[in-house]
Amino acid sequence: HEWWGLNENIKENARRYAKLGYVALAVDLYDGNAATTRQEARKLAVNVSKNMPAAFKNLQNAVNYLRNQRNWVQSDALASIGWCFGGGWSYQMAKNNLGVKASVIYYGRFNPKDDLQKMRATIIGHFGENDRGIKVDNVREFQATLKTHNGNHEVYIYPNAGHAFANEGGSRYNKEAAELAWKRTNDFLKRYL
């Protein structure tokens with residue numbers, strides 16, 4: 002989920018993937034809380050960063066839960082998808098080899114200098130050219146870093162798009178960029194899952 006929490010927007014995204022035939026599980030890193038103000042969202046996100054082992058455990062439990070749904074889930078074909086705060090966690094799931102085959106990052110935080118030796122997932126990343134929090138130069142460095150690792154990683158920078166460009170209910174929504182990112186993501190998931 003975004004830094005707002007597991008809100009209706011994220012639940013709707015999970016339903017969209019379920020309608021495509023995927024088993025979709027929306028993981029909650031905020032213990033049932035959701036924010037409506039930037040101050041609340043910041044506080045919730047900081048609380049997660051203060052207890053990273055608990056967040057990793059939550060995500061690993063989600064992967065294990067899905068793997069145990071043998072009637073519905075192909076256990077070797079799991080992906081993580083995240084937006085903003087969740088995009089950063091989708092990256093962490095890939096970087097730390099938490100059991101996903103593919104990782105989708107919508108304008109999530111990363112460090113282009115991270116050690117990716119554990120990573121086994123293939124990444125697709127979507128970033129806005131006008132994002133004030135994630136600089137385009139850093140995205141390009143991340144893109145170059147991924148090219149040095151196994152996998153056909155894809156990183157896209159969307160012109161005239163800022164942070165949260167895919168949040169349909171948000172003030173920064175960019176329909177053209179969001180629809181292209183959605184199509185690219187679906188094509189990516191078909192290839193890797």
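For the sequence shown, position 181 (counting from the first letter as 1) is numbered 182 according to the numbering used here, and the numbering increases by one without interruption. No residue lacks a Cβ here, since even glycine has one placed at the ideal position from N, Cα and C. Values in this document were obtained by computation on a predicted structure and should not be read as measured data.
Requested in this report: Quick one: measure Cβ to Cβ for E155 and F189, integer angstroms, because I've assumed they're closer than 8 Å.
Outcome: Within the sequence shown, numbered from 1, the residue matching residue 155 stands at position 154. Within the sequence shown, numbered from 1, the residue matching residue 189 stands at position 188. Right, the Cβ-Cβ distance comes to about 7 Å (below 8 Å), so this counts as a contact.
Query raised in the report: Where does S172 sit, in a helix, a strand or coil, going by DSSP?
Result: Residue mapping note: residue 172 aligns to position 171 of the sequence shown, counting from 1. In this structure, S172 counts as coil in the three-state DSSP scheme.
Query raised in the report: Taking Cβ positions, are F166 and A145 nearer each other than 9 Å?
Result: Position 165 of the sequence shown holds residue 166. Position 144 of the sequence shown holds residue 145. No. Outside cutoff.
Query raised in the report: Within this structure, are the beta carbons of H2 and Y31 separated by less than 9 Å?
Result: Here residue 2 is taken as the residue at index 1 of the sequence shown, counted from 1. Here residue 31 is taken as the residue at index 30 of the sequence shown, counted from 1. Against a cut-off of 9 Å, the Cβ pair of Y31 and H2 comes out as a contact.
Report task. Return helix, strand or coil for S81, following the three-state DSSP convention. Result -> Counted from its first residue, the sequence shown places residue 81 at position 80. Strand.
Query raised in the report: For the beta strand (DSSP E) that contains E155, what are its first and last residues?
Result: As a first step, residue 155 must be located in the sequence shown, where it is residue number 154. E155 -> beta strand (DSSP E) spans E155 to Y159.
Query - Residue closest to N98, alpha-carbon to alpha-carbon, out of Q40, R17, Q118 and A15 - result: The residue you call residue 98 lines up with position 97 of the sequence shown. Of the candidates Q40, R17, Q118 and A15, the one whose C-alpha sits nearest the C-alpha of N98 is Q118.
Report task. Report yes if the CB atom of M94 is closer than 9 Å to the CB atom of V49, and no otherwise. Result -> In the sequence shown, counting from the first residue as 1, residue 94 sits at position 93. In the sequence shown, counting from the first residue as 1, residue 49 sits at position 48. Cβ distance not < 9 Å, so M94 and V49 don't count as in contact.
Report task. Return helix, strand or coil for I135, following the three-state DSSP convention. Result -> Translated into the one-based positions of the sequence shown, residue 135 becomes position 134. In the structure shown, I135 sits in coil (DSSP, three-state: anything other than H, G, I, E or B).
Report task. Specify the secondary structure class of S91 as computed by DSSP and reduced to three states. Result -> Position 90 of the sequence shown, counting from 1, holds the residue named residue 91. S91: helix per DSSP, three-state reduction.
Query raised in the report: According to the neighbour-count rule (16 or more other Cβ atoms, all chains shown, within 10 Å of its Cβ), is L147 buried or exposed?
Result: Along the sequence shown, read from residue 1 onward, the residue named residue 147 stands at position 146. Classification for L147: buried.
Requested in this report: Ignore the nearest five residues each way along the sequence and tell me which others in L1's own chain have a CB closer than 7 Å to its CB.
Outcome: The question about residue 1 has no answer here: the residues shown for the chain are numbered 2 through 194.
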